[in-house]
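Contents: one structure, followed by commentary.
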Amino acid sequence: MSYKNPRAAALVSVSALLLFSLWLCYPLIFKGVPYITDEDEGHHFNRVVNMAKSGDYNPHYFLKPSLHFYLRQPAVWASYLYLKHKGEIDSIQKIRTGDPFGLSGYAFALSHPAVFEANRAFTVLFYLGALLCTFFIARLFVPDIFALGAVWLSGISPALLSYSAVIGVDMVMVFMVLLGILLSLLAFRNFSIFNITVAGFVCGLAASTKYNAAPLCALPALSVLLSGKGSLKGYMASIISPVAGFFAGSPYILVSFPLFLEHVGYEIWHYGVSGHAGHECTRGIGQALCYARWAFNSALSPLPLALGILSIPLIFRRDKRLACIFLFFPVAFFLLMTAQKAHFPRNMLSLVPIAFILASFFVYETSQNMAKIGKTIYIFLFLVLSSYPLLRSSLSLRHDAKNFPEDTRIAAFRWLKSSLRPLEDAAISGNLNFIPQVYGMKGVTRIDERKADVARLYLEGFSLLVVGPDFTVPDNGNYFLHLVRYFKGLPYSGRVVVNPEIRIFRLKADKTFIPPKGILPAPQCFPSESYCWITSRLAFIPLREKELGQSLPLTLSLMTPWSGQKVIFSLAEWKSSYSFRSDDLGKWVEVSLSPPKAKLKLSGGIKVELLHVHSPFTQKISSDKRRLGIAIKR
77 MSYKNPRAAA LVSVSALLLF SLWLCYPLIF KGVPYITDED EGHHFNRVVN MAKSGDYNPH
137 YFLKPSLHFY LRQPAVWASY LYLKHKGEID SIQKIRTGDP FGLSGYAFAL SHPAVFEANR
197 AFTVLFYLGA LLCTFFIARL FVPDIFALGA VWLSGISPAL LSYSAVIGVD MVMVFMVLLG
257 ILLSLLAFRN FSIFNITVAG FVCGLAASTK YNAAPLCALP ALSVLLSGKG SLKGYMASII
317 SPVAGFFAGS PYILVSFPLF LEHVGYEIWH YGVSGHAGHE CTRGIGQALC YARWAFNSAL
377 SPLPLALGIL SIPLIFRRDK RLACIFLFFP VAFFLLMTAQ KAHFPRNMLS LVPIAFILAS
437 FFVYETSQNM AKIGKTIYIF LFLVLSSYPL LRSSLSLRHD AKNFPEDTRI AAFRWLKSSL
497 RPLEDAAISG NLNFIPQVYG MKGVTRIDER KADVARLYLE GFSLLVVGPD FTVPDNGNYF
557 LHLVRYFKGL PYSGRVVVNP EIRIFRLKAD KTFIPPKGIL PAPQCFPSES YCWITSRLAF
617 IPLREKELGQ SLPLTLSLMT PWSGQKVIFS LAEWKSSYSF RSDDLGKWVE VSLSPPKAKL
677 KLSGGIKVEL LHVHSPFTQK ISSDKRRLGI AIKR
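Quick note on this note's numbering: the sequence shown kicks off at 77 and runs consecutively.
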């Protein structure tokens, strides 16, 4: 391949720009993993995976169109098969998508990060595809070198870069919109029913990605109208093909039409009337100014924004019909967005490459009559002045993603793995949304920290309590809670848990703790067993009248499944203990007690204190979820 060939040189150059853009966005694929830090991204990812797990391709949800969910299915299945090949998963059902403590019941901690990363990488393909479409659209108006300038500026735009790897509809829409504009322009220049049909179908797919892209569906008809070659077939193709594309991307709308209308109606009301708390601007001029500030400060930078606006009369002077087709969607879309009350700058991402194309066109047009040296300096200054603020922000985004702070939950997990001793149980807050590996550790039980009863947890045998910012130390907490580790993080909970403050307490009864009357449970008996269980660290064994009248010693038959179990029997001013030997596990042993008879009759039974109370289920012994200490029969 000769670099003297302009087409080959342009291909090499655009490939280099795409590689640079890939380098910029690569760290964003792994940002925050194994936790999902964005609410929308979490919802989209879990819905996509749930569709693959259930095999039900009816989304039962039309607040967003469905194409985005279908396009991502190959990424889910490819990453699943990769993990299965590595032996890390045996069923797609093992990918965790639900969490009773998660926002809207979704999991925001990843059981299999590779599936999430694959979906982010899939978004990057749309990002790179959008840059490629930018190049081909720009070539219709300017030479290759200026088209490459538009690609370069689009690739370093922090607004586009920040969504380049996000699992959502925004980058898919950017790609589909640019592809629809490109195909409509090509259909206008090379008119045929086939080209119009293809362009219309893609425009319909764009609307099936995000309802806001609906104005694009008028573009094929405009191309037919302005071509001067309009016919009934041409107009029919330009109208039917976008409709076909829309329903091809969201086919279940046809069988769930009432739900579709309900959800679309809600979206119209939400964005246009009610707005969104924290994301609102006054409709009309106010909204337009809000978007202009966003473009000025982060999406475009001042110079390309100004030149893009100034280029509009120039591009109409060049070719009115081509300019109408090219600018129809940006103008219609901008008017649609400014008519809404809700303000989400990400909705405007599809206009960013278009603005850079316009800015490049302005530079090209105004440099036509310059001398070669002047033209070179002019283009160089444009690129430097436009690129500096964009590239600085984008490199900062890349650096921040690559050096994303370690979540406190990762550090807490590391501490638990090294510090949780055998036969120690930990009550860990489900509100913290730890990754499943934490809750799957031996001895771990998930609790709701807002409802945590520290006295009950201690009595049930827990040794550690791991909680976040929603936990308030109760009045009796000083009797049981001893802080052993603190991980500094956010001292409040957001809708999505991110880098939370974590406190780890050791549960240990203070010597001054006196159990309230009636708090000590009696042994629990179960129909399937001929004996009873003491299920609390502190318990009371009530004795029948016949047993109280018998001569001492009192003999009890005891059994425990726990190594190192120790039992302390006590009355007022009397105490006796028994330690199980290693060969006693699972066997019945006879224990003789000789408490003062008068005090025994007065108390009506014997107080018991155990060293170990555990769940066979969390200790990975059996499926028995009861918390058990010792078994007793008399």
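Every residue gets a Cβ at the ideal spot worked out from N, C-alpha and C, and that includes glycine. Since the model is a prediction, treat every value here as computed from it, not as a measurement.
With fewer than three CB-CB distances shorter than 8 Å, the stretch 248-258 does not count as touching the stretch 461-470.
Here DSSP, grouped into helix, strand and coil, assigns Lys709 to strand. Per the coordinates, the alpha-carbon of Leu87 lies some 10 Å from the alpha-carbon of Phe211. Of the residues Gln626, Pro672, Asp175 and Phe420, the one whose Cα lies closest to the Cα of Ser187 is Asp175. Within the stretch 122-166, the runs of alpha helix (DSSP H) that reach at least 4 residues and sit entirely inside it are, in chain order, 143-147 and 149-161. Only residues of its own chain outside the window of five on either side were considered, and among them Ser240 and Met247 have a CB closer than 6 Å to the CB of Tyr203, listed in chain order. Take the alpha-carbon of Thr273 and the one of Gly516: they are about 54 Å apart. Ser569 and Ala353 have their C-alpha atoms spaced approximately 18 Å apart.
A distance below 7 Å between beta-carbons, with the five flanking residues on each side excluded, links Gly178 to the following residues of its chain, in chain order: Phe184 and Asn509.
Secondary-structure assignment with DSSP links His352 through a beta bridge to His355. Residue pairing for Ile610: DSSP places it in a beta bridge opposite Ile706. Secondary-structure assignment with DSSP links Glu666 through a beta bridge to Ser633. Restricting attention to Lys675, Arg490 and Phe458, the CA atom closest to the CA of Gly225 is found in Phe458. For a cut-off of 8 Å, the C-beta gap from Phe645 to Val684 is around 6 Å, short enough to register as a contact. When Tyr287, Ser260 and Arg474 are compared, the shortest CA-CA separation from Ala275 is found for Ser260. With 16 or more other Cβ atoms from the protein chains shown falling within 10 Å of its own Cβ, Phe656 counts as buried. For Gly362 and Pro296, the gap between their C-alpha atoms comes out near 32 Å. In the structure shown, the three-state DSSP call for Ser652 is strand.
Listed in chain order, the non-local C-beta contacts of Leu376 below 6 Å within the same chain comprise Ala431, local neighbours out to five positions each way being set aside. A straight line joining the alpha-carbon of Leu281 with that of Val574 spans about 35 Å. About 18 Å separates the CB atoms of Val90 and Phe437; that is not less than 8 Å, and the two are not in contact.
Cβ neighbours of Ser443 within its own chain (closer than 6 Å, five residues either side excluded): Lys451 and Tyr454. The Cβ-Cβ distance between Phe409 and Pro291 falls below 8 Å. The C-beta separation of Phe392 from Ala399 comes to about 5 Å, placing the pair in contact by the 8 Å criterion. Of the residues Gln416, Ala435, Pro421 and Leu411, the one whose Cα lies closest to the Cα of Pro389 is Ala435.
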